[in-house]
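Numbering (the UniProt record's numbering), first residue to last: 1 to 100.
Encoded structure:
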């Protein structure tokens, strides 16, 4: 499945992330959701508190792609997304926002 994930959150337990300089697998509670911001669609990927090296790689990346899995089954495969924002939320999770 590819394309815009839509406004309904998709929950997974593993994500394979690829950036221009790294490829990483992160496990835990992961959410992908499409939202509208300033009239344009963006994707928010919420990751558990990742290894600091992985977090830095994402914060410095210009683009990323990801595959979201639950129980080993592929739920969503994103197109290449331009990193628009990375931020922390109160529980320590990292949110990466991207757009096509």
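A virtual CB, placed ideally from N, CA and C, is assigned to each residue, including glycine.
The beta-carbon distance between residue 63 and residue 45, rounded to whole angstroms, is 13 Å. This is too long to meet the 8 Å contact definition. Put simply, the backbone Cα of residue 47 is about 8 Å away from that of residue 26.
Looking at the DSSP output, residue 40 bridges to 37. Our two residues, residue 43 and residue 98, have alpha carbons roughly 5 Å apart in a direct line. The beta-carbon separation of residue 75 and residue 10, rounded to 6 Å, stays under the 8 Å limit for a contact. In the same chain as residue 78, and ignoring 5 residues on each side of it, the C-beta atoms closer than 6 Å to its own belong to 65, 66, in chain order. One Cα belongs to residue 69, the other to residue 18, and the distance between them is close to 14 Å. In the assembly as shown, residue 12 is a buried residue. Its beta-carbon has 16 or more other beta-carbons within 10 Å. The Cβ-Cβ distance between residue 54 and residue 22 falls below 9 Å.
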